[in-house]
Every structure is written in C-alpha cells, then in structure tokens.
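Going by full-length UniProt numbering, the first residue of the sequence shown is number 1, and it counts up by one from there. In what follows, a structure is listed as structure tokens, so that the remarks can point back to it.
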Amino acid sequence: MTESEKMMKMCVNVLFESIIEVLYADPHQWSTRPCITCKTVTSITGKPFGCDRYREEKEKRSES
Numbered sequence: 001m002t003e004s005e006k007m008m009k010m011c012v013n014v015l016f017e018s019i020i021e022v023l024y025a026d027p028h029q030w031s032t033r034p035c036i037t038c039k040t041v042t043s044i045t046g047k048p049f050g051c052d053r054y055r056e057e058k059e060k061r062s063e064s
C-alpha cells in the first residue's frame, strides 16, 4: 500500500468515526437489549454502538 493509499484510508476512517458519533447521538429508544441497527453497526465497526454502548455503560455504572 502506498503512502497516498494509507493516508486516504486514514481520512476515510476519521470521517467514518465522525459519522458514527453523530448516529450515536440520534435519540432513539435506548434499551438494555440492542436493536438490529445498533447490532449491525457494532458488528461493522467492532466497537459497541448505540444500544450496545448504552448497555455496556449502564453495566459499568451499576458495577461501581
């Protein structure tokens, strides 16, 4: 992979992460069970998203 390709990939990743954060802030009905959209985004990104992220944060708060 050339330096230009690496830089392009990094730029795409930064943009993708920004889009994901905007989607995360979208106020849908959070639950302790992940919805299909949040499960899909979690699978694609490899990071907890939406309902999954909310559930994990809620579990961490209750543990402390």
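From the three backbone atoms N, C-alpha and C, an ideal C-beta is built for every residue, glycine too.
Run of the alpha helix (DSSP H) containing K39, from where it starts to where it stops: If you number the sequence shown from 1, residue 39 lands on position 39. Note, K39: alpha helix (DSSP H), 36 to 45.
Would Y24 pass as a contact of G46 if the rule is Cβ separation under 8 Å? Counting from one through the sequence shown, the residue named residue 24 turns up at place 24. Counting from one through the sequence shown, the residue named residue 46 turns up at place 46. Not closer than 8 Å, so no.
If we ignore side chains and look at the alpha-carbon of each, how far apart do K39 and T2 end up? For this step, residue 39 is matched to residue 39 along the sequence shown. For this step, residue 2 is matched to residue 2 along the sequence shown. Straight-line Cα distance between these residues: approximately 34 Å.
Based on Cα-Cα distance, which residue from V41, E57, R61, K60 lies nearest to V22? Mapped onto the sequence shown, residue 22 falls at position 22. If we check each option's Cα against that of V22, V41 comes out closest.
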